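Following the numbering used here from start to finish, the sequence shown increments by one per residue and tops out at 258.
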Amino acid sequence: MRIAMYEPEIAGNVGAVLRLCACLGVGVDLIEPMGFEWDDRRVRRAAMDYIDHVEIRRHAGFAEFQDTLGPGRLVLFTTKATRSAYDCTYRPDDVLLFGKESAGVPQTVADACGERVRLPMRSEVRSLNVATSAAIALSEALRQTDMLPR
Numbered sequence: 109m110r111i112a113m114y115e116p117e118i119a120g121n122v123g124a125v126l127r128l129c130a131c132l133g134v135g136v137d138l139i140e141p142m143g144f145e146w147d148d149r150r151v152r153r154a155a156m157d158y159i160d161h162v163e164i165r166r167h168a169g170f171a172e173f174q175d176t177l178g179p180g181r182l183v184l185f186t187t188k189a190t191r192s193a194y195d196c197t198y199r200p201d202d203v204l205l206f207g208k209e210s211a212g213v214p215q216t217v218a219d220a221c222g223e224r225v226r227l228p229m230r231s232e233v234r235s236l237n238v239a240t241s242a243a244i245a246l247s248e249a250l251r252q253t254d255m256l257p258r
């Protein structure tokens, strides 16, 4: 299982996701362009020394990212989906995809995903922070597949 971030815009969010994935033993795919320089100190500040304990793959764009995918499916987390993330049956080789903070993913990317799900939340609010969403989603997916670290 892996986390993929489509064109992330905020260095601190990427750092938080890197730390999350280091703690849970999951690799991260970063689909460029990113909205900040990779060596931005805010990435390392959020990830701290955990950045040395996570496999990171950077991709020049979505097509390059797709070329590296194995047999696993892409599971897109989007506020536009109607199916709850808790009604999805996750697989050990899933790649959990999260869109950019300001706009999510374009329709062409959404169409390339095998599943589209949303995290349930109150209707009065727009969305969760992407790092918070990744933590909730990854925890549920690892729990279902019995892949949580012991």
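Beta carbons are placed, not taken as given, at the ideal position from N, Cα and C, and that holds for glycine.
These numbers were taken from a predicted model, which means no experiment stands behind them.
Rounded separation between residue i and residue j - CA only
| i | j | result |
| --- | --- | --- |
| residue 140 | residue 254 | 31 Å |
| residue 119 | residue 143 | 8 Å |
| residue 115 | residue 258 | 32 Å |
| residue 113 | residue 235 | 16 Å |
| residue 224 | residue 244 | 15 Å |
| residue 205 | residue 149 | 24 Å |
| residue 199 | residue 166 | 23 Å |
| residue 147 | residue 122 | 12 Å |
| residue 129 | residue 190 | 26 Å |
| residue 221 | residue 180 | 11 Å |
| residue 212 | residue 170 | 13 Å |
| residue 247 | residue 256 | 7 Å |
| residue 151 | residue 117 | 11 Å |
| residue 217 | residue 185 | 12 Å |
Where the alpha helix (DSSP H) through residue i begins and ends
| i | result |
| --- | --- |
| residue 155 | 149-155 |
Closest residue to residue i among the options (Cα-Cα distance)
| i | options | result |
| --- | --- | --- |
| residue 241 | 179, 132, 193 | 193 |
| residue 232 | 187, 132, 220 | 187 |
| residue 201 | 134, 190, 207, 167 | 134 |
| residue 219 | 174, 168, 256, 150 | 174 |
| residue 252 | 195, 221, 237 | 195 |
| residue 153 | 228, 247, 125 | 125 |
| residue 159 | 169, 168, 127 | 127 |
Residue i - containing beta strand (DSSP E), residue span
| i | result |
| --- | --- |
| residue 182 | 182-185 |
Cβ distance (whole Å) where residue i is taken to contact residue j below 8 Å
| i | j | result |
| --- | --- | --- |
| residue 238 | residue 110 | That pair is no contact at about 15 Å. |
| residue 136 | residue 162 | 6 Å |
| residue 250 | residue 177 | 19 Å between Cβ atoms; not a contact. |
Unbroken beta strand (DSSP E) runs of length 3 or more, entirely within the segment 191-253: which are they? 203-206, 223-225
Quick check for students: name the residue ranges of the beta strand (DSSP E) that lie wholly in the segment 109-175, counting only runs of 3 or more. 110-114, 135-139, 164-167
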